[in-house]
RNA sequence: GCCGAUGUAGCUCAAUUGGUAGAGCAACGCAUUCGUAAUGCGUAGGUUACCGGUUCAAUUCUGGUCAUCGGCUCCA
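Numbering (my numbering), first residue to last: 3 to 633.
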């Protein structure tokens with residue numbers, strides 16, 4: 003009605019509304035003076051409403067096709083929606099097309115979507131009669147939790163569902179939707195509950211938006227680090243070491259360049275690198291508390307003459323984290339307050355037993371190393387350390403072209419060690435530091451590590467996806483566990499705070515993100531092959547070899563392609579390998595002793611003096627330039 | 001771990017209702033010495049992931065194992 007007052011055209015396209023910033027159904031009655039927005043298919047909020055309605059229409063379509071299917075919940079998610087279904091029959095991919103067709107019929111029938119308020123009793127009775135036991139459970143929980151007396155029910159034709167809304171006014175508002183996939187999901191996300199079948203779909207205000215989204219999915223697929231890793235010979239896997247990457251020569255170059263870079267940054271920011279053992283007596287992890295809290299993810303070895311007792315293992319364990327080892331280093335000597343903060347860095351290899359279903363390319367593996375460091379400091383120093391950390395992080399992310407990141411602050415979880423007073427102190431120090439730095443952040447209540455609150459840094463990649471990379475975790479418990487102390491001005495022993503921090507996170511995972519971020523086109527300093535020298539005929543063989551030698555001497559990773567192949571063929575191969583620079587040598591170059599450079603982009607640069615070229619590339623590598631010298 | 005799917009040459013993929021596997025690229029050989037994304041011809045390459053079952057006969061049907069993929073749960 004309000005939209006109609008503004009204009010009949012607006013009333014026609016109105017999908018939903020916003021009252022004082024809250025998304026509401028178009029049928030909501032405005033009860034007091036409020037700021038009203040009319041949501042149309044042009045509004046950014048439109049997709050949310052459309053997807054929610056699409057979920058309902060999908061559920062109706064499914065129940066039309068298979069009446070025995072019971073429905074549970076069907077929310078909107080970031081890029082679409084899903085509905086969780088309790089079905090005796092397993093859905094197969096071919097069903098998706100069938101369901102879509104049925105959905106189209108419902109959309110085309112242009113039914114009005116109506117909202118009704120039912121008493122709790124009526125709702126429970128109705129859904130019980132229908133055998134929709136999950137709906138009944140939801141309502142009963144709502145009553146228990148919020149003490150509600152009424153629930154809202156949305157109708158389209160004869161079909162209806164318990165739902166908070168909002169929804170589009172008519173089914174014909176759904177013009178662009180697609181069902182994406184079938185998956186399993188636990189009822190209420192709890193693995194002890196029965197497994198339901200989930201159908202994912204997406205919907206947009208227009209066909210154009212949907213197509214664009216599908217195109218972006220294709221683009222993500224092309225960038226998949228597992229695919230690129232194979233194509234570019236970066237890494238491989240083998241069934242005899244599941245979820246454990248083998249870095250091939252070119253992948254190892256990437257890995258080592260990352261290490262080199264981080265080591266340089268450590269130098270600048272006052273870190274000291276240490277090297278610690280791989281295998282420890284289980285006692286270490288009993289002492290740190292990991293044995294009690296993290297045992298399921300750890301690898302244990304038991305001496306052959308001892309029988310393993312699952313409840314109290316003896317013997318050794320592969321390290322799954324560096325911190326306990328660093329605690330031993332810190333505890334090995336006396337420390338003055340003047341020596342703090344003490345920053346110990348470690349690229350030690352870690353082994354974590356990840357469950358079979360969770361591993362994913364390089365992003366989630368069973369053996370990896372981190373750009374891990376532990377800072378032993380006083381409570382007063384926390385703030386300065388966070389500043390130091392954020393400065394370092396900002397510089398490093400910029401180098402990789404991650405210019406956009408967000409900070410999340412996670413507070414005490416349910417399962418934790420340490421007194422609440424200790425937690426108050428830790429959380430207070432972190433949020434004070436963030437405020438001082440004027441860093442905007444989001445609070446994730448209850449998401450902290452068991453030993454302390456933490457900051458997580460999420461970066462956005464080139465195609466807009468978010469990844470968690472950096473982390474800084476405050477730990478007031480480790481000093482107690484290992485009885486760590488420093489001597490303060492009062493000549494008494496005090497417990498240091500320990501900050502666990504990483505900027506790249508796991509190097510393996512970071513490589514996965516980086517590969518997808520740059521689609522396999524690395525900046526020169528990371529490129530496994532930085533330049534390839536291509537001769538046109540045997541004539542230029544001498545110059546080619548000479549140039550190759552001087553480039554290698556300048557520290558540039560250069561390949562010499564003097565195979566008896568056509569120029570076009572060699573260029574194509576270099577192009578597919580994403581080599582940044584191709585140096586083409588023909589008779590012209592031979593007589594002038596200059597170079598013809600071809601960039602990945604296809605751009606050709608003629609008459610380049612050899613010295614200038616080598617200098618330009620060396621400089622580009624040295625500065626870790628994100629852009630090429632000739633672009 | 002749970003739900004579902006997949007596994008054929010180094011890679012990307014074929015193989016009608018069960019009748020013991022084929023192509024392109026890569027590799028190798030020969031010819032070709034070529035100007036900015038594929039020169040031509042030829043050769044070789046397979047216990048169809050692995051272990052069982054059904055059958056005269058299994059890549060195909062079936063049971064199990066392993067791995068991978070899409071999700072869920074988990075992620076110090």
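Idealized CB from N, CA, C, for every residue including glycine.
Residues near residue i in its chain [Cβ-Cβ closer than 8 angstroms; skip 5 each side]
i           : result
residue 581 : 529, 531, 532, 533, 534, 561 and 602
residue 468 : 408, 460, 461 and 462
residue 281 : 303, 318, 319, 320 and 321
residue 495 : 487, 488 and 489
Straight-line gap, residue i to residue j (C-alpha atoms, nearest Å)
i           : j           : result
residue 35  : residue 7   : 16 angstroms
residue 141 : residue 153 : 8 angstroms
residue 333 : residue 488 : 9 angstroms
residue 270 : residue 387 : 14 angstroms
residue 54  : residue 202 : 12 angstroms
residue 551 : residue 621 : 18 angstroms
residue 619 : residue 609 : 16 angstroms
residue 597 : residue 615 : 8 angstroms
residue 150 : residue 123 : 11 angstroms
residue 470 : residue 14  : 43 angstroms
residue 491 : residue 339 : 7 angstroms
residue 166 : residue 80  : 18 angstroms
residue 238 : residue 227 : 11 angstroms
residue 466 : residue 128 : 44 angstroms
residue 392 : residue 440 : 12 angstroms
residue 566 : residue 538 : 9 angstroms
residue 502 : residue 478 : 11 angstroms
residue 630 : residue 403 : 13 angstroms
residue 252 : residue 574 : 19 angstroms
residue 401 : residue 626 : 7 angstroms
residue 208 : residue 43  : 8 angstroms
residue 509 : residue 353 : 13 angstroms
residue 294 : residue 217 : 47 angstroms
Three-way DSSP call (helix, strand, coil) for residue i in this model
i           : result
residue 336 : coil
residue 70  : coil
residue 370 : strand
residue 15  : helix
residue 50  : helix
residue 393 : helix
residue 416 : coil
residue 2   : No answer is possible for residue 2: it lies beyond the span of the chain, which begins at 3 and ends at 633.
residue 615 : helix
residue 207 : coil
residue 345 : strand
residue 350 : coil
residue 518 : helix
residue 446 : strand
Cutoff 7 angstroms; reference residue i; Cβ partners in own chain excluding five residues on either side
i           : result
residue 355 : 299, 300, 301 and 368
residue 268 : 275 and 347
residue 456 : 412, 450, 473, 474, 475 and 476
residue 556 : 616 and 620
residue 483 : 289, 290 and 291
Contacting residues, own chain, Cβ-Cβ under 6 angstroms from residue i (five flanking each side not counted)
i           : result
residue 572 : 536 and 563
residue 525 : 628
residue 22  : 36 and 37
residue 517 : 227 and 230
Residue i: CB within 7 angstroms of a non-hydrogen atom of the ligand ZN
i           : result
residue 318 : No copy of the ligand ZN appears in this structure; indeed no ligand is present at all.
Report task. May I ask you to verify whether the region 179 to 190 touches the region 200 to 215, counting CB pairs closer than 8 angstroms and requiring at least 3? Result -> The region 179 to 190 vs the region 200 to 215: in contact.
Query - the region 330 to 346 / the region 271 to 278 touching (three or more Cβ pairs under 8 angstroms) - result: yes
Query raised in the report: Counting pairs of beta carbons, one from the region 213 to 231 and one from the region 188 to 198, are three or more of them closer than 8 angstroms?
Result: no
Query raised in the report: Of all the alpha helix (DSSP H) runs that stay within the bounds of the region 228 to 285, which reach a length of 4 or more residues?
Result: 251 to 271
Report task. For the region 85 to 104 and the region 61 to 70, state whether three or more C-beta atom pairs, one from each stretch, are separated by less than 8 angstroms. Result -> yes
Report task. Pair every Cβ in the region 403 to 419 with every Cβ in the region 545 to 559, then say whether three or more of these pairs are closer than 8 angstroms. Result -> no
Query raised in the report: Can you give, in chain order, each stretch of the beta strand (DSSP E) that sits fully within the region 126 to 184 and has at least 3 residues?
Result: 152 to 158 and 161 to 164
Query - Inter-stretch contact at 8 angstroms, needing at least 3 Cβ pairs: the region 108 to 119 / the region 127 to 146 - result: no
Query raised in the report: Along the chain, which unbroken stretches of the beta strand (DSSP E) at least 3 residues long are found entirely within the region 565 to 605?
Result: 583 to 587 and 596 to 601
Query - Cβ contact (3+ pairs, closer than 8 angstroms) linking the region 42 to 62 and the region 13 to 31 - result: yes
Report task. Would you check if there are 3 or more beta carbon pairs closer than 8 angstroms linking the region 367 to 383 to the region 415 to 423? Result -> no
Query raised in the report: What are the uninterrupted segments assigned as alpha helix (DSSP H) that are 4 or more residues long and contained completely in the region 528 to 563, given in chain order?
Result: If one requires a minimum length of 4 residues, the alpha helix (DSSP H) runs lying completely within the region 528 to 563 are 543 to 555, in chain order.
Requested in this report: Scan the region 454 to 504 and note each continuous beta strand (DSSP E) run of 3 residues or more that stays entirely inside, going in chain order.
Outcome: Secondary structure in the region 454 to 504: the beta strand (DSSP E) runs of 3 residues or longer, each lying completely within the stretch, are 456 to 462 and 468 to 477 in chain order.
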